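*Asks:* Residue numbers (the working numbering): 864 to 1106.
Where a beta carbon is used, it is the ideal one built from N, C-alpha and C, also for glycine.
Bear in mind that the values here come from a model prediction, so they are computed numbers and not experimental data.
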Amino acid sequence: MNDIILRGEYGSRAYGTHTDLSDHDTVEVVVEHPKFITGLETFETFQDSTSGPGERSTKDDTDTTVYGLQKFAQLAVLGNPTILGVLYLPEYDVMTRKGGWLLVNRDLFISKSAGRRFSGYMQSQRDAMTGLRNKRTNRPELVHEHGYDSKFAYHMIRLGLLGKELMETGSIELPMKKEIIDICMEIRAGRMTKDEVLELSYELESDLESAIHAADLPDYGQRDKVSELLHDIYTHVWENGID
């Protein structure tokens, strides 16, 4: 049995940019059964959804992603933007004492490398928006209405703004600050032109690079201390169970 130590809603509802039509995105972190850590079996990250196979989720649906603790921590120490955001959620549906250990020690995951990850993900969203990657969009209605996929654009700017905040403050505030939400919602609604959004993205990319350079942060996440933290969590849960 794999024990849940943390569960919370992330995505637009955590950022503060959801609409009446937004679905629910939930993440769970589980402490894997010992056989997945000490043996040859591996615990694979998996996703589940209340929507039907191949159907787009609606406001009534919940998409859930389940991470093993080891994989979750690996992604966090590398600076994965989505995973780091999970450590700053405003509230959690499940938060055990061991899950709390992750939050108390979340500074171990913050580094200049995380800033570079935010920048890289930002560029990926821009490539998708401009058709350099994923030339076919699954949101043609947005392209038809706004002249570009405003959801790619919104994520691109959000990543730049949050990455800059992380480098300047060492943390992320969720829900996001009102000024960030306002910019993102303007873009999501298509009230900025494609050229205006692209110009803003290049400015943000430059600002983020400057913030990375100036940040009083280690170059990389503290892998040795994270490994010690995971060892403590695993041994406590395996010996004493979830508390």
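#1: Rounded to the nearest angstrom, what separates L1024 and A1016 at their Cα positions?
#2: For L869, which of helix, strand or coil comes out of DSSP?
#3: Mind listing, in chain order, the continuous alpha helix (DSSP H) runs of no fewer than 4 residues lying wholly within the stretch 927-1008?
#4: What does a CB cutoff of less than 6 Å around F981 pick up in its chain, not counting 5 residues either side in sequence?
#5: Rounded to the nearest angstrom, what separates Y1097 and V940 at their Cα positions?
#6: Should the stretch 974-992 be called in touch with the stretch 892-906, which here means at least 3 C-beta pairs below 8 Å?
#7: Run the CB neighbour count on Y873, radius 10 Å, all protein chains shown included, and call it buried at 16 or more, exposed below.
#8: Rounded to a whole number of angstroms, what is the C-alpha to C-alpha distance between E904 and N865?
#9: Determine the burial state of T880: buried for a count of at least 16 other Cβ atoms within 10 Å of its Cβ, exposed for fewer.
#10: Grab the span of the alpha helix (DSSP H) containing H887 for me, first residue to last.
#11: Our contact map puts L965 next to L950 with C-beta atoms below 8 Å; I'd like the distance itself, whole angstroms only.
#12: Do A936 and V1089 have their C-beta atoms within less than 8 Å of each other?
#13: Using 8 Å as the Cβ pair cut-off and three pairs as the minimum, do the stretch 876-891 and the stretch 1025-1040 touch?
#14: Should I1046 be listed as close to the ligand ADP, given that the test is whether its C-beta is under 7 Å from any heavy atom?
#15: Just list the residues that DSSP pairs Q1085 with in beta bridges.
*Replies:* This is what the structure holds:
#1: Straight through space, the alpha carbons of A1016 and L1024 are spaced by roughly 13 Å.
#2: The answer is strand: DSSP assigns L869 an E or B state.
#3: Taking only runs of at least 4 residues, the alpha helix (DSSP H) segments lying wholly in the stretch 927-1008 are 932-941, 944-949, 960-967 and 975-993.
#4: Cβ neighbours of F981 beyond the five flanking positions: P944, L1022 and G1026.
#5: Rounded to the nearest angstrom, the two C-alpha atoms are 17 Å apart.
#6: Here the stretch 974-992 makes no contact with the stretch 892-906; the two share fewer than three CB pairs at distances below 8 Å.
#7: In the assembly as shown, Y873 is a buried residue. Its beta-carbon has 16 or more other beta-carbons within 10 Å.
#8: Those two C-alpha atoms are separated by around 13 Å.
#9: That one is buried.
#10: Element bounds for H887: not the alpha helix (DSSP H) but the beta strand (DSSP E), H887 to V894.
#11: Between L965 and L950 a beta carbon distance of about 6 Å is seen, short of the 8 Å cut, so the two are scored as contacting.
#12: Taking 8 Å as the cut-off, the beta carbon of A936 is found closer than this to the beta carbon of V1089.
#13: Touching, per the Cβ criterion.
#14: The ligand ADP is absent from the structure shown, which contains no ligand whatsoever.
#15: For Q1085, which the question treats as bridged, DSSP gives no partner whatsoever.
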